[in-house]
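Chemist:
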Amino acid sequence: MALLSIVLPSYNEEQNIMNTGSVLTELMEKNGIDYELVFVSDGSKDNTYSEICKLQKSNPHVKGAEFSRNFGKEAAIFAGLELATGDAVVVMDCDLQHPPEVVVEMYEKWKTGTEVVEGIKNTRGKENIFHKAFANIFYGIMSSLIKMDMKSSSDFKLLDRKVVNALLEMPEKETFFRALSFWVGFKKDSVYYDVRERQFGSSKWSFTSLVRYAISNVLGFTTLPLKIVSWFGFVFVILSIGLAIQTLVRFCMGTAADGFTTVILLLLMIGGLIMICLGIIGNYIARIYEEVKGRPRYIISKVTDNMPEQVKGAWKKHD
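Note that the sequence shown covers residues -9 to 309 in the numbering used here.
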């Protein structure tokens, strides 16, 4: 029987671990699916990892790992992919905002030969108007960049083992799992779901952290901002030529006016544009700097007792 791995990135989710483990276990056993639950505690400051260990003692299908510090959800997802041993791997949120029963629907589609099953949101749940507007703009940009509709996509998806292996072979440290799973290709299908409300705890994403996440992912997936810098330069060259011609004509006609105010405004505008362009270039250089240092995506400090011996030492070479 094929083994289904369910990867559950967890950050300060001590209230959800037991409930999530119980719900998924009951669902898998009810549908006769051989499974493993892979919890990755992303440097949680509460008792998340202790709860994972407690759950593992009562359920041999549970595996767990703890990061040495908070490395972020992307790192937790890729750690889960690396620790998972299943023929197919589902990535979903630990708080069950991704409906568990949809996992069975994904699994059934995978059995028919689909290699990537995307979870597509019917609704985004209870988000404020600014959050929704920002999300729509960001995913609109990303959709145009990778030529696929990402406006309703999520991290909730099933990947065949060959897709997981392809993702793990990518050397980049700064990753965007949601877009990379589109980028790798393979045979795709979709399932649709409504985002549920959390039973316990609160979201760990603030608007500021989402903005930083969006900027990082745009920089990692396109050079368009650098091209925009070139476009700005071209536009200003054209404008400067036009302004120079106008100035010379007025000077020759003796109608040149005092231009102190105009000069100040032009200097402020050009200076501001230069600073923005330098900031864009600086962000790319910073990203290159982070990549060339060659530091690992994450460091695992602990794993549960039922991890294979070769996995228990694997955190020493996670790159």
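Every residue gets a Cβ at the ideal spot worked out from N, C-alpha and C, and that includes glycine. Note that the coordinates shown come from a computational prediction; the quantities given were computed from them, not determined experimentally.
1. Exposed or buried, N6, counting other C-beta atoms within 10 Å across all chains shown (16 or more means buried)?
2. Just confirm the distance between the C-beta atoms of G321 and V181, as a whole number of angstroms; I'd bet it's less than 8 angstroms.
3. With a threshold of 7 angstroms on Cβ separation, who are the neighbours of T165 within its own chain once the five nearest residues in sequence on each side are excluded?
4. Excluding five sequence neighbours on each side, which residues of the same chain lie with their C-beta closer than 6 angstroms to the C-beta of M339?
5. What did DSSP end up calling F29 once you bin it into helix, strand or coil?
6. What are the boundary residues of the beta strand (DSSP E) that includes F57?
7. Can you tell me whether K147 is buried or exposed, with buried defined as 16 or more other CB within 10 angstroms of its CB?
8. Where DSSP assigns a beta bridge to E281, which residues make up the other side?
9. List the DSSP bridge partners of G261.
10. When DSSP labels each residue in this structure, what does G232 get in the three-state scheme?
11. Give the range of the beta strand (DSSP E) segment to which K44 is assigned.
12. Residue range of the alpha helix (DSSP H) that I67 falls in?
13. Grab the span of the beta strand (DSSP E) containing K178 for me, first residue to last.
14. CB-CB under 8 angstroms to S40, same chain, minus the five flanking residues each way: which ones, in chain order?
15. Kindly indicate which residue of V30, D24, V219, A78 has the alpha-carbon position closest to the one of L263.
16. How many angstroms separate the CA atom of E91 from the CA atom of E56?
17. Do I42 and G54 come within 7 angstroms of each other at the CB atom, strictly closer than that value?
18. Have a look at the DSSP bridge pairing and note the partners of D24.
19. By DSSP's criteria, L(-2) is part of a beta bridge. Which residues make up the other side?
20. Keeping to the same chain, check which residues put their C-beta closer than 8 angstroms to that of L158; ignore five residues upstream and five downstream.
21. Which residues in the same chain have their Cβ closer than 6 angstroms to the Cβ of S58, if we skip the five residues on either side of it in sequence?
22. Does the beta-carbon distance from V354 to A66 come in below 7 angstroms?
23. Leaving aside the five residues before and after E103 along the sequence, list all residues of the same chain whose C-beta is less than 8 angstroms from its C-beta, in chain order.
Modeler: Taking the definition as stated:
1. What you label residue 6 is simply residue 16 of the sequence shown in a count that begins at 1. Classification for N6: buried.
2. Absent from the structure is residue 321, since the part of the chain shown begins at -9 and ends at 309.
3. In the sequence shown, residue 165 corresponds to position 175, counting from 1. The answer, listed in chain order, is E64, F68.
4. Here the chain has residues from -9 to 309 only, and residue 339 is not among them.
5. Working through the sequence shown from its first residue, we reach residue 29 at position 39. Note: F29 maps to strand in three-state DSSP.
6. Along the sequence shown, one-based indexing puts residue 57 at 67. F57 -> beta strand (DSSP E) spans 52 to 57.
7. What you label residue 147 is simply residue 157 of the sequence shown in a count that begins at 1. The residue in question, K147, is buried, as its Cβ has 16 or more Cβ neighbours within 10 Å.
8. Translated into positions along the sequence shown, residue 281 becomes position 291. Partner(s): none; E281 has no beta bridge.
9. Residue mapping note: residue 261 aligns to position 271 of the sequence shown, counting from 1. DSSP lists no partner for G261.
10. Within the sequence shown, residue 232 is the residue found at index 242, counting from 1. If DSSP states are grouped into helix, strand and coil, G232 belongs with the helices.
11. The sequence position of residue 44 within the sequence shown is 54, counting from 1. Segment 38 to 48 is the alpha helix (DSSP H) holding K44; no beta strand (DSSP E) there.
12. Residue mapping note: residue 67 aligns to position 77 of the sequence shown, counting from 1. Its alpha helix (DSSP H) spans residues 63 to 73.
13. Reading the sequence shown from its first residue, position 188 is the one you call residue 178. Here the beta strand (DSSP E) through K178 covers 178 to 184.
14. Here residue 40 refers to the residue found at position 50 when the sequence shown is read from its first residue. Excluding sequence neighbours, S40 sits near E4.
15. Within the sequence shown, numbered from 1, the residue matching residue 263 stands at position 273. Of the residues V30, D24, V219, A78, the one whose Cα lies closest to the Cα of L263 is V219.
16. The residue you call residue 91 lines up with position 101 of the sequence shown. The residue you call residue 56 lines up with position 66 of the sequence shown. Straight-line Cα distance between these residues: approximately 27 angstroms.
17. Residue mapping note: residue 54 aligns to position 64 of the sequence shown, counting from 1. Residue mapping note: residue 42 aligns to position 52 of the sequence shown, counting from 1. Yes, they are a contact pair.
18. For the purposes of this step, residue 24 is identified with residue 34 of the sequence shown, where counting begins at 1. Looking at the DSSP assignment, D24 forms a beta bridge with L(-7).
19. Here residue -2 is taken as the residue at index 8 of the sequence shown, counted from 1. The partner list for L(-2) (beta bridge, DSSP) reads F29.
20. Here residue 158 corresponds to residue number 168 of the sequence shown, with the count starting at 1. Within the same chain, L158 has close Cβ partners F68, L71, E72.
21. Indexing the sequence shown from 1 puts residue 58 at position 68. Cβ neighbours of S58 beyond the five flanking positions: I289, S291.
22. In the structure as shown, the chain begins at -9 and stops at 309. Residue 354 is therefore absent and cannot be evaluated.
23. Against the sequence shown, residue 103 aligns to sequence position 113. Contrary to the premise, residue 103 reads as Gly rather than Glu in this sequence. Within the same chain, G103 has close Cβ partners K177.
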